[in-house]
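Student: Each residue of the sequence shown is one higher than the one before, counting from 19 in this note's numbering.
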Amino acid sequence: MKLALEKFTFDDFPLYYSLVSNETVMKGISYGALGQEEAEIRFGKLLYNSNLHKNFGFYKFLDLENNDFLGFGKLEIEQLGDEQAELGYIIVPEHWRKGLGTKLSKLLVEKAIEDGLVHTLYAIIDPNNEASRKILKKCGFVFKGYQNLDGAQVEVLERKLFNQVR
19 MKLALEKFTF DDFPLYYSLV SNETVMKGIS YGALGQEEAE IRFGKLLYNS
69 NLHKNFGFYK FLDLENNDFL GFGKLEIEQL GDEQAELGYI IVPEHWRKGL
119 GTKLSKLLVE KAIEDGLVHT LYAIIDPNNE ASRKILKKCG FVFKGYQNLD
169 GAQVEVLERK LFNQVR
């Protein structure tokens with residue numbers, strides 16, 4: 019496999035929607051599966067966010083050898099100057115349990131380190147999602163705590179990218 023990250027474009031909505039509308043895939047995401055209208059709204063925000071900075075935003079995760087869409091990942095900042103970014107990912111179900119979540123997460127961590135814009139990455143997971151917890155721990159994330167998000171309790175993990183003296 020030759021793995022690559024490419025930023026989403028307007029034409030990629032069908033790929034995005036194929037995942038976020040899937041009940042099985044979205045079971046572990048706090049807001050659950052999305053309908054067409056909500057997905058279109060979120061996709062518009064995703065495209066806007068991806069234009070804030072060249073190395074941050076939402077990425078298609080691809081196998082270039084056979085042009086397969088494997089899922090997507092994000093390094094999300096809310097505005098320029100943020101010192102932390104959210105790392106997240108979703109893998110196409112046919113590719114679950116093949117180590118691709120770990121590979122995608124490592125690619126995203128490397129991208130954040132190389133860029134140097136943020137000092138901390140954080141990830142939000144369903145506390146029952148043991149697979150995501152294992153992936154994130156393999157990538158150097160540690161448990162930070164629990165919080166309430168959209169009415170659901172979520173687990174927050176974080177990874178410091180480098181020490182900063184203030």
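Just so it is clear, CB atoms sit at the ideal spot from N, CA and C, and this is done for glycine as well.
#1: Please confirm whether Phe76 and Leu88 have their CB atoms less than 8 Å apart.
#2: Helix, strand or coil for Arg184? Go by DSSP, reduced to three states.
#3: Could you tell me the boundaries of the beta strand (DSSP E) in which Thr138 lies?
#4: Going straight from the alpha carbon of Glu24 to that of Leu126, what length do you get?
#5: Going residue by residue through the segment 86-145, where are the continuous alpha helix (DSSP H) segments of at least 4 residues, counting only ones entirely within it?
#6: For Lys156, which residues in the same chain have their Cβ closer than 6 Å to its Cβ, ignoring the five residues on either side in sequence?
#7: Could you give the distance in angstroms between the alpha-carbon of Pro145 and the alpha-carbon of Lys152?
#8: By alpha-carbon positions, which one of Asn147, Asn40, Glu55 and Asp133 ends up nearest to Gly99?
#9: Ends of the alpha helix (DSSP H) at Lys155?
#10: For Asn147, which residues in the same chain have their Cβ closer than 7 Å to its Cβ, ignoring the five residues on either side in sequence?
#11: Along the chain, where does the beta strand (DSSP E) containing Ala22 start, and where does it finish?
Tutor: If we stick to the structure as given:
#1: Position 58 of the sequence shown, counting from 1, holds the residue named residue 76. Position 70 of the sequence shown, counting from 1, holds the residue named residue 88. Result no, Cβ atoms of Phe76 and Leu88 do not sit closer than 8 Å.
#2: Walking along the sequence shown from the start, residue 184 turns up at place 166. With a pLDDT of only 39 at Arg184, under 50, the local geometry of the prediction cannot be trusted, and no value is derived from it.
#3: The residue labelled residue 138 in the question sits at position 120 within the sequence shown. Start and end: Thr138 to Ile143.
#4: As a position in the sequence shown, residue 24 is number 6, starting the count at 1. As a position in the sequence shown, residue 126 is number 108, starting the count at 1. Approximately 12 Å between the Cα atoms of the pair.
#5: 118-133
#6: Taking the first residue of the sequence shown as 1, we reach residue 156 at position 138. So the qualifying residues of the chain are Thr120.
#7: Looking up residue 145 in the sequence shown gives position 127. Looking up residue 152 in the sequence shown gives position 134. Using only the alpha carbons, I get a separation of about 12 Å.
#8: Sequence index remark: in the sequence shown, residue 99 carries index 81 (1-based). Checking every option, the nearest Cα to that of Gly99 belongs to Asp133.
#9: Residue numbering aside, residue 155 sits at position 137 when the sequence shown is read from its first letter. Start and end: Glu148 to Lys156.
#10: Numbered from its first residue, the sequence shown carries residue 147 at position 129. These residues qualify, in order along the chain: Gly46.
#11: As a position in the sequence shown, residue 22 is number 4, starting the count at 1. Segment Leu21 to Lys25, the beta strand (DSSP E) holding Ala22.
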